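Single-structure report; data block below.
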Amino acid sequence: MALRLLDGSEAIVDAAITAGARFYAGYPMSPATELIEFMAKKLPESGGVCINAATEIEGVNMALGAAAAGFRAATGSCGQGLALMQEAIAEAALNETPIVIFNMARNQQDYFQATRGGGWGDYRTITLAPKDIYEAVEHAQLAFHLADKYRVPVIFMGDNILARTQMGVEIEKRDFGALPEKDWQLDGTSGGSGASRQIWTFGGGKTNAPGPGPSEHWKRIAEKFDMIAGIEARHEAAFTDDAQTVVTGFGTGGLFVEYVVRELRSEGHKVGFFRPVTLWPFPGEALEKATENCRQVLVFELNAGQMIDDVKLNVTDRRKVSAIGGVSFDESGLNLGALMDARVIRERILAAMEVSNQ
Amino acid sequence: MSIVQTAKPPSIPSKKVADFKPSLLQTEEHHLCPGCGEPVAIRMVLEVIEELGLAQKNVCVIGHGCYGSFVMTMDVDCTLCLHGRAPAVSTGIKRMRPDVAVWTLQGDGDMTSEGLAEILHATARGENITCILLNNGVFGDTGGQMTASSVVGQRTKNTLEGRDPDYHGYPIVIGDMVASMQGSAFVARGSVHNAAAVAQTRRLIRKGFERQQEKRGLSLVEILTMCPTGWFVPAAGGADYMMESLGKTYPLGEIKDVAASAG
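Respectively, the protein sequence lines represent chains V and Z.
Counting from 1, position 110 in the first sequence corresponds to residue 165 in this note's numbering; the numbering is continuous, with no gaps.
Counting from 1, position 105 in the second sequence corresponds to residue 131 in this note's numbering; the numbering is continuous, with no gaps.
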């Protein structure tokens, strides 16, 4: 297959459909708008449905319905739209409906929203943060796999650079392994059988087959997320064995950090990088190990300091951790700002290393 | 539906409705208050679904209210979704499983207060779903507070002197709104305050599901249901109170039927 030159948004949509996504309901919002444009064009061609929802709340609940019916379903927006979806994301976690939520974020300020969440209850959302379009093509498929594997909502976290950069990509169906049968799906066929199906956040079950009830159900959900945390944390790192300085960043920021660190390495600096691929579960043990011997850990993120909390929770000596990022938007307020620049990141890393050497 | 022959005397004795349980209920017991109208309404819906041969071909999406407890007793595939969002969840199910009858079970607080956008936009899209609205003009589940459909003058726990239009605004007559939109196929309002009304409402429910099967668009069957607890009246007085209060703002009958207008 030849490479095709695609917008990131189109590559993500093609990958999602390749993974079997058949339902999308969304609402336009920059820089996530192109997702619904491509979904509207391409889903019907693949036997799927794309609905222009009246609100993000309506869209995510439609996706919940399609997923409850047994189909791979998604919604998407940027962080502002995901703010409206929080109740339904929590609901998906607590009633175990697998949906995928694409957050083509305006910046990197949605880290807390994704990893802590704003809904009620003891839940987490697996969050995949690809660094570039190649990884995005994998993650757009992996998201549906993980959602089905654990019956959980999964957030795909991109940004405007990912959405609107063009790359030559080849989209092949990825095989992540076998999945359990969806014996819980609402297909309407079990009425009157005495064993009809139910999807309910309170886990009450039916008269004939009582469920565990709310307390026990929510305890099991929490245990499931503990289990996922032990299995699904992913990261990418290099040069950390002998690094005096380890620099962390996620998504596009992680890619920029990697570029700068490789450049500094080639010049002889003892610097390494560590990129969480999953923001939740956060690859804490791997980070702890990668930063055991270094003198300082730098956190680059375009926000006032969000991922740095997780870094400090996992680096053994949190006094080694400091921020080299900050709030930075372009003049529209809709896109990553001037701080997402390899030269600026290079200067900040070098300045921090100089202070550390004094 | 089986036709009862009247040419000969019946071979089996007549039986009261209360003597048998519809096959789509797992138990005849319910957990609602004495005098509540909701169990009768839900029972009728389940009987109609079976009559139409949809028992193994339907999914129910339940909102939040007292009727939500039927999520444990109705023997149909169902989900109890977020407050007000049943028409949106139903849209997702119906679009992916167009051959399955999808229906919502909502109260007036669920549909006209929390979920007004969802019912109106589902109607605008002409979704082939049937929405059952149990309208008692009050949040019964929380003990009797004002909803968007509480009628003028209605006493609730947060309109102690009665709903005052100058202060609390006017009720939303959702049936008329839905009927005025192109995407609706059938809109009707029934009641369960006496046996005749129950029989009439049963026919309305049946038409609602028939329009869905015909893929004509959204059907809304509103059913006035007694809530003596939420109205602070004696259980036996619920039916009379309902027709004197809600019954005047929400007249019974068919509001729209595309089948009729098409001749």
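We put the beta carbon where it would ideally sit given N, CA and C, even for glycine.
Nothing here was measured: the structure is a model prediction, and the numbers come from that model.
On the three-state DSSP scale, how would you describe LYS282/Z?
LYS282/Z falls in the strand class under three-state DSSP.
Going along the chain, which residues of its own chain have a beta-carbon closer than 6 Å to the beta-carbon of LEU78/Z, five neighbours each way excluded?
PHE235
Cβ of THR333/V within 7 Å of Cβ of VAL370/V?
No, the pair does not count as a contact, with Cβ atoms beyond the cut-off.
Nearest candidate by alpha-carbon position, reference THR130/Z, set SER217/Z, ALA285/Z and LEU108/Z
LEU108/Z
Does GLY256/Z have its Cβ less than 7 Å from a Cβ in chain V?
no
Which of the residues in the region 125-155 of chain V, read from start to end, lie with their CB under 7 Å from any CB of chain Z?
PHE126, ALA128, GLU142, ALA143 and GLU146
Note down the Cα distance separating SER101/V from ARG242/Z, rounded to an integer number of angstroms.
Linking SER101/V to ARG242/Z through their CA atoms gives a straight-line distance of about 25 Å.
Need the endpoints of the alpha helix (DSSP H) that PHE280/V sits in, please.
269-286
Determine the direct distance from the alpha carbon of PHE165/Z to that of GLU236/V, and round the result to whole angstroms.
40 Å
Less than 7 Å between the beta carbons of GLY243/V and ASP167/Z, yes or no?
no
Please classify VAL204/Z: does DSSP put it in a helix, a strand, or coil?
Here VAL204/Z sits in helix by DSSP.
Give me, in chain order, the residues of the same chain whose beta-carbon lies closer than 6 Å to that of THR255/Z; leave out the 5 immediate sequence neighbours on both sides.
CYS59
Any idea if GLU190/V is buried or exposed, counting beta-carbon neighbours within 10 angstroms, 16 or more meaning buried?
buried
For ALA114/Z, which residues of its own chain have a beta-carbon under 6 Å away from its beta-carbon, when the five flanking residues on both sides are left out?
GLU144
Do you know offhand how far LYS279/V's Cα is from MET203/Z's?
45 Å
Those residues which DSSP pairs with HIS290/V across a bridge
PRO331/V
Which residues, in chain order, does the region 212-245 of chain V contribute to contact with chain Z at a C-beta distance below 7 Å?
LEU241, ASP242, GLY243, THR244 and SER245
Between the alpha carbons of LEU250/Z and VAL68/V, how many angstroms are there, rounded?
Cα-Cα distance, rounded: 46 Å.
For THR307/V and VAL366/V, which I take to be in contact (beta-carbon distance under 8 Å), what is that distance rounded to the nearest angstrom?
With a beta-carbon spacing of about 18 Å, THR307/V and VAL366/V fall beyond the 8 Å limit used to define contacts.
Sequence-distant residues of its chain with Cβ nearer than 8 Å to LEU241/V (five each side left out)
ALA123, ALA124, GLY125, ARG252 and ILE254
At a CB-CB cut-off below 8 Å, which residues of chain V make contact with GLN82/Z?
Taking a Cβ-Cβ threshold of 8 Å, the residues of chain V close to GLN82/Z are GLY243, THR244, SER245, GLY246, GLY247 and SER248, in chain order.
Go to TYR314/V, then tell me how far its beta strand (DSSP E) extends in each direction, as first and last residue.
TYR314/V -> not in any beta strand (DSSP E); alpha helix (DSSP H) instead, spanning 307-321.
Please classify MET295/Z: does DSSP put it in a helix, a strand, or coil?
As shown, chain Z starts at 27 and ends at 289. That puts residue 295/Z outside it, with no answer to give.
Using three-state DSSP, classify ARG237/Z as helix, strand or coil.
helix
So that I know if they touch, is there some Cβ in chain Z lying closer than 7 Å to that of GLN168/V?
No, its Cβ sits nowhere closer than 7 Å to a Cβ of chain Z.
Determine the contact status of TYR79/V and ALA108/V, defining contact as a CB-CB distance below 7 Å.
no
Assigned exposure category for GLY289/Z - 16 Cβ within 10 Å defines buried:
Any answer about GLY289/Z is weak, because its pLDDT of 47 lies below 50 and its placement is not dependable; what the coordinates show is given next. Label assigned to GLY289/Z: exposed.
For GLU343/V, which residues in the same chain have their Cβ closer than 7 Å to its Cβ, ignoring the five residues on either side in sequence?
Only ASN369, VAL370 and THR371 meet the Cβ criterion.
For SER251/V, go through chain Z and note every residue whose CB falls closer than 9 Å to its CB, in chain order.
LEU50, GLN52, MET100, ASP101, VAL102, ASP103 and CYS104
Identify the residues that DSSP records as bridge partners of MET100/Z: which are they?
LEU51/Z
Which of helix, strand or coil does DSSP assign to ARG373/V?
helix
Could you tell me the alpha carbon to alpha carbon distance between PHE157/V and ARG171/V, rounded to whole angstroms?
Taking the straight line joining both Cα atoms gives about 16 Å.
How about THR173/Z and ASP134/Z: do their beta carbons lie closer than 7 Å?
Going by C-beta atoms, THR173/Z is nearer than 7 Å to ASP134/Z.
Suppose you measure from the CA of VAL207/V to the CA of ASP214/V; what does that come to, to the nearest Å?
23 Å
Please report the straight-line C-alpha distance between HIS57/Z and GLY279/Z, rounded to a whole angstrom.
29 Å
Beta-carbon gap between PRO265/V and HIS290/V smaller than 7 Å:
no
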